[in-house]
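Right, one structure below, let's go through it.
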Amino acid sequence: MKKGLVLFSLLLIVSLLFAGCNSSKPAGQGGSSGGQTAAPSQGSDKLEELKIGAVGSLSGGGTAWGVATQRGVQIAIDEIMAAGGLKVGDKTYKPVMVMYDDQYTGQGGTTAATRLVNEDKVKFVIGPIGSPAVLGVKSVTEPNNVIMLSDGFSPKIITKDSKYNFRVSLTTAEFAPPITKWVKQKYPDAKTVGMISPSDEIGQTIVPILVKAYEDAGFKVVFNEHYERGAKDFVPLLTRMLAAKVDVFDVNSNAPGDAGLLVKQIKQLGFKGVIIQTGGPGIDEVINVAGPLAEGFLSYDIFDPNDPGAQKFVNAYRAKYSSGAINAYAPIMYNATNLLFEAMRRSKSIEVDKVRDAIQGLNGYGTMFGPVKWSGKKDYGVDHQLLVDLYVSEVKGGKINPIARVKQ
Amino acid sequence: MLNPMMLAQMVINGFSMSAIYVLMALGFTLVFGIMRIVNFAHGELYMLGALGVYYLYGKLHLNYFAALGIAALGVAAFGVVLERLVYRPFYQKELQAMIATLGLSVATQHLGVILWGTEERSIQAPYSSVLQFSGLILPMDRLVVIVSAGVVMAAFYFLLQHTKIGLAMRVVAQDPEIAQAQGIRVKAIYLAALLTAVVLAALAGGLVGQVYSVSPFMGTLPMVKAFIVVILGGLGSIAGAVAGGFLLGMSESFLNTLFGAGVAEMAAFVVIILLLIWRPSGLLGRPEA
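So the protein sequences, as listed, match chains A and B. According to my numbering, the stretch in the first sequence is residues 1 to 408, in order. According to my numbering, the stretch in the second sequence is residues 409 to 697, in order.
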């Protein structure tokens, strides 16, 4: 018996160690990170290094987003280095990414930010993605006067006291009004909406915003149910929803895997109306799970790889990483890094306060997502929310097909 | 809102949910009934079965049912290793076994994350059409689960009631010491029972995987449901697992459809608490001596 116990303990320890090694591995030190720094261009070794911090999930549920963050930042750095470095006033810098894994948790975000700020002496951070990790990073960067350009849906991420953090992706409050108006224009005969969402904080926070947006757009929300996250069989709830005669089914804040199951199960029950996800897009995974039943599924999308303005980024991405689908957070974080570099150029300084002021003054600067527009004063108390155009994609022939660009 | 058609649809939905719960609960209750081990790693064996089918059927394009069988045997082979390393020291030690299987569950789940990542995958159903009769709907992937669950239950019943090894399992479940005295090789029976449970879990995973999605975390909630089912039916009781599975599946279908998920969740637990106050050993469980 003793021998068995010892063997079991060993098995457990080896597994946990293995998991630990995987999750604590910083970017660029092996693994599939794609490398921490760009290949230096001629003479770049003489340039002064400028550390750009990055935080993202390189293990756990948000790994795809963390890898996208890493790749987006790296491509922006590669472009700067290909042009001879980052010219700020009289000096030229060589930006270098220093990235840590937040494990998609608040604690992970805090730990990553502490290392960046205290050990690496970083003054600028790109990322992370996901509210818990963003709030974890913010708890370190804000009091240390470090600029953060991040994602995250929580209203606590930018508040009237936020001096150094900016949100570079849209939240439901920004994308729900235009996308629900688009649905009404596209399907004028549709009158009723049904929603099924998780009962956790995400579902409880997002759904009221969406309900208001649908009602403002002229719809009536006739079915709005929550379920315990982890559930996989939605057939009873969907049967109930079909009895309420909905024209539009919005799978809103569901994780992509659950959204795929909802799409599959409602199609099996014979639903013929519009199915849309006005939440974090994960269309690939919906197609994976729902298979042919995903045909016609619509989703809010962040990025259109076929857009002419995106070609420079898309070509760079495909050349360096892969020819497959591009996670939407790669261009978002690429864009954020470029905004930071442009602010440094304009302020002719890498002093935090000057760069912060320059970021705030970037309104109208042309990016792959259109001209920069900072907003948020009304909802959050400070204009640190980036407004960008959004896209609607449709699944056609098993592929993601962007069908509309919705202007803000 | 309630009409005869909807009532019939709720019964059909309830059948498909019950079939899944029964499949999960049978192996779980067998291990407890014979070895007194609450096997919290049952959900991960289910996950391994589903991943096996994902690769064999989804990637190597074997026949679905052949893939299901091979995956179940593969997981059983892994079960032999686990039996030696983890389960054997904890036979008849309920509390220690709970902690050990909980650890095994966490370790296996994270091993799954390391090996396969967290992405949700899909096993394309071998029969993906939808049966419709008089407005009632039954997707074929769920019919496959219902029919397979029936076949598995019949085979399991035959094994327990009409074979020597089944008889030996029942004797060991009653009293391992007397069984030993009668010449039954108790350790061999433990291994046979554990492997039967592993095969049942892997089959359940492979069958349910084509209805839902497949990921290293897919076993967690079904494990909780299986636990509820066997507590409801009586820990260790095979007939209780079947009765508990049908009770939970049908009540979830009816309550979810009529009152929504929140009420259904609450009502299910209120009923379980009341039932356990009335019958602490569950519907068909043996009262503790």
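Every residue, glycine too, gets a C-beta built ideally from N, C-alpha and C. Note that the coordinates shown come from a computational prediction; the quantities given were computed from them, not determined experimentally.
Item	Value
Neighbour-count burial assignment, D102 (chain A), 16 or more Cβ in a 10 Å radius	buried
Cross-chain neighbours of E225 (chain A) in chain B, by beta carbon under 7 Å	G668, A669
Interface residues of chain B facing T239 (chain A) [CB-CB closer than 8 Å]	M414, Q417, M418, N421, T665
Extent of the continuous beta strand (DSSP E) to which P402 (chain A) belongs	399 to 406
Alpha helix (DSSP H) segments (min. 4 residues) lying fully within the stretch 584 to 658 of chain B	584 to 589, 594 to 617, 628 to 641
Close beta carbons around A328 (chain A), own chain, < 8 Å, minus the five adjacent residues each side	A68, P281, D301, I302, F303
Short CB-CB distance (under 8 Å) between A231 (chain A) and chain B	yes
Opening and closing residue of the alpha helix (DSSP H) in which R703 (chain B) lies	Given a span of 409 to 697 for chain B in the structure shown, any question on residue 703 (chain B) remains unanswerable.
CA-to-CA distance, V168 (chain A) to T239 (chain A), given in whole angstroms	39 Å
Local Cβ density within 10 Å of S537 (chain B), reported as buried at 16 or more and exposed below that	exposed
Cutoff 8 Å; reference D384 (chain A); Cβ partners in own chain excluding five residues on either side	As written in the sequence, residue 384 (chain A) is His, which differs from the Asp given in the question. Correct list, in chain order: I158, S162, N165, F166, R167, Q360, W374, G376.
Span of the beta strand (DSSP E), counted from its first residue to its last, around E394 (chain A)	390 to 396
Residue-chain proximity (N254 (chain A), chain B), Cβ-Cβ < 8 Å	no
Contact set for T665 (chain B): own chain, Cβ-Cβ below 6 Å, skip 5 residues either direction	M418
For L512 (chain B), three-class secondary structure by DSSP	helix
Anticipated Cβ contact below 8 Å, G693 (chain B) with L643 (chain B), distance rounded	6 Å
DSSP state of K156 (chain A) mapped onto helix, strand, coil	coil
Neighbour-count burial assignment, L431 (chain B), 16 or more Cβ in a 10 Å radius	buried
Assigned exposure category for V388 (chain A) - 16 Cβ within 10 Å defines buried	buried
Ordered list of beta strand (DSSP E) runs contained in the stretch 541 to 567 of chain B, each at least 3 residues	544 to 547
Coarse secondary structure for G282 (chain A), derived from DSSP in three states	coil
A38 (chain A) to L362 (chain A) span [Cα, whole Å]	Residue placement at A38 (chain A) is flagged as unreliable, the pLDDT there being 39, under the threshold of 50; the coordinate-derived value follows with that caveat. Taking the straight line from one Cα to the other gives about 27 Å.
Three or more C-beta pairs below 8 Å linking the stretch 392 to 402 of chain A and the stretch 290 to 299 of chain A	yes
Proximity to L656 (chain B) [Cα-Cα], best of B:G670, B:L640, B:A669	B:L640
Cβ separation of F369 (chain A) and A76 (chain A), assumed to be a contact under 8 Å, to the nearest whole Å	Contact flag wrong, Cβ pair sits at about 14 Å.
Inter-stretch contact at 8 Å, needing at least 3 Cβ pairs: the stretch 141 to 159 of chain A / the stretch 70 to 89 of chain A	no
Span of the beta strand (DSSP E), counted from its first residue to its last, around P198 (chain A)	192 to 198
M195 (chain A) beta carbon less than 8 Å from that of F223 (chain A)	yes
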